[in-house]
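Enquirer:
Residue numbers (the working numbering), protein chains in the order written: chain A, 339 to 490; chain B, 339 to 490; chain C, 339 to 490.
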């Protein structure tokens, strides 16, 4: 058996002025403001609305239904989720997209869980799993520490 | 000096009926059942055997020798490992691929360590580092919490 | 409005002998020694200097200004950062690239924070957030554990 190919690229998406988008992305049915940057291997799914001067760094995923304000920085490898219990073949799952404000900075490899609101001007540390709402102007890091098994 | 190019794509792989595979993937010497979905920028390595109705979301990596059952969901950016101490140039390393059952759901950005078995119908939370076996029907999340450094 | 395209690939980069580079990468203004391997969907930014026999596995990001020694293994999905408080539009930010020694092994999905030094022959566990210096010959893992919410 052979397989069918899913063609990636930019489809049914609206960009404001002066956006720069890498040539290897998967973006569909989304809306961007002005002066956005979208790095390589970024996926932006349907019904996403993004403001102006937003940077989506390489390897990041913006899931269906999310909104992001203006002047927000999404680091490399940031993953976002909109389903609490994703199951194959589920028809009636509740879509709970995260919502990210303006002036936010999200560090690389952070994970943003379903339904979370991240307030304006917050800073999320790299590698942090964001499991509840973050009030505006907060600085949040992961509680996870380094554990040394062997050290000279 | 110039460099040699590694050509990515789909090579020496068997698909069942009705699989949908993104156009930017790296899959070699693997076997898939029917009705699988493989998103963009997914790598599936040699000797991987995957059942039917499995979804591999974007940016995920299924390492050499793994098996995955039927109806399993692998989230975005999930990484799997088969070597406890990967070293450059090592010839005789032990390949310990994880094994993932059927009906499993693995959240985005989770990391699955070498040799781990994940039982049927388990749910692994996003961002979780899975370092030991997960019995069937379990729900597992990361112990890591958010730590607020500044809050209004 | 339409958008401008950022063309990815290999640009203004020097390779030693016998390097193997995947056909879907984004590498610019970097320097590599001999016998390196660079997997698919890897980004290596400007002013990076990498030794010989280094492996950069798929989905990894080596940020601007980093140095990596010889014989070092960078796992899949490893993200590195060089800015403590990344902000959109910031002009005068301090670039604090991590520095990784020789013979190091970094597990998949690890995150390396700005300014961190990782000493020779250290091993960093998969999924670990490396927030401070790692002396040579260390073995470091994440303190984060699995938390079982439901178990049979």
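Note that beta-carbon positions come from the ideal geometry of N, C-alpha and C, so glycine has one too.
Determine the direct distance from the alpha carbon of residue 355 of chain B to that of residue 353 of chain C, and round the result to whole angstroms.
Expert: Computed Cα separation, rounded: 43 Å.
Enquirer: Taking the straight line between their C-alpha atoms, what separation do you get for residue 371 of chain A and residue 401 of chain A?
Expert: Cα-Cα distance, rounded: 17 Å.
Enquirer: Alpha carbon to alpha carbon, how far is residue 407 of chain A from residue 440 of chain A?
Expert: In a straight line, the C-alpha of residue 407 of chain A is about 4 Å away from that of residue 440 of chain A.
Enquirer: So, is the C-beta of residue 359 of chain B closer than 7 Å to a C-beta in chain A?
Expert: Yes, residue 359 of chain B counts as interfacial toward chain A.
Enquirer: Quick one: give me the first and last residue of the beta strand (DSSP E) that residue 342 of chain C is part of.
Expert: That run of the beta strand (DSSP E) goes 342-344.
Enquirer: Take the Cβ of residue 357 of chain A as the centre, count every other Cβ of all protein chains shown within 10 Å, and call the residue buried at 16 or more, exposed below.
Expert: The residue in question, residue 357 of chain A, is buried, as its Cβ has 16 or more Cβ neighbours within 10 Å.
Enquirer: Tell me which residues of the stretch 434-450 of chain B have at least one Cβ-Cβ distance to chain A shorter than 7 Å, keeping chain order.
Expert: For the stretch 434-450 of chain B, which is checked against every Cβ of chain A, the residues closer than 7 Å are 443, 445, 446, 447.
Enquirer: Indicate whether at least one CB of chain B lies closer than 7 Å to the CB of residue 409 of chain C.
Expert: Judged by the 7 Å Cβ criterion, residue 409 of chain C is in contact with chain B.
Enquirer: Find out if the Cβ-Cβ distance for the pair residue 468 of chain A, residue 454 of chain A is shorter than 7 Å.
Expert: Contact flag set, yes.
Enquirer: How would you list, in chain order, the residues of chain B whose beta-carbon sits under 9 Å from the beta-carbon of residue 429 of chain A?
Expert: Those within 9 Å of residue 429 of chain A in chain B number zero; the least Cβ separation is about 14 Å.
Enquirer: Can you find a CB in chain A that lies within less than 7 Å of the CB of residue 424 of chain C?
Expert: It does: the Cβ of residue 424 of chain C has a partner Cβ on chain A nearer than 7 Å.
Enquirer: For residue 466 of chain C, which residues in chain A fall below 9 Å Cβ to Cβ?
Expert: Those are 465, 482, 484, 485, listed as they occur along chain A.
Enquirer: Residue 394 of chain B to residue 403 of chain B, Cα distance in whole Å?
Expert: Those two C-alpha atoms are separated by around 16 Å.
Enquirer: Any idea which residues DSSP pairs residue 353 of chain B with across the strands?
Expert: The partner list for residue 353 of chain B (beta bridge, DSSP) is empty, contrary to what the question assumes.
Enquirer: In three-state terms, what does DSSP make of residue 480 of chain B?
Expert: Strand.
Enquirer: Chain A beta carbons: is any one of them nearer than 7 Å to that of residue 417 of chain C?
Expert: Chain A, which has a Cβ nearer than 7 Å to the Cβ of residue 417 of chain C, makes this yes.
Enquirer: Cβ closer than 8 Å: which chain A residues qualify as neighbours of residue 378 of chain B?
Expert: 344, 346, 364, 379, 381, listed in chain order.
Enquirer: Taking C-alpha atoms, which residue in C:399, C:380, C:350 lies nearest to residue 435 of chain C?
Expert: Cα-wise, what sits closest to residue 435 of chain C is C:399.
Enquirer: Hey, could you find the ends of the beta strand (DSSP E) residue 451 of chain C is sitting in?
Expert: Looking at the DSSP string, residue 451 of chain C is not in any beta strand (DSSP E), and its letter there is neither H nor E.
Enquirer: Between residue 385 of chain A and chain C, is the shortest Cβ-Cβ distance under 7 Å, so that the two count as touching?
Expert: Not an interface residue.
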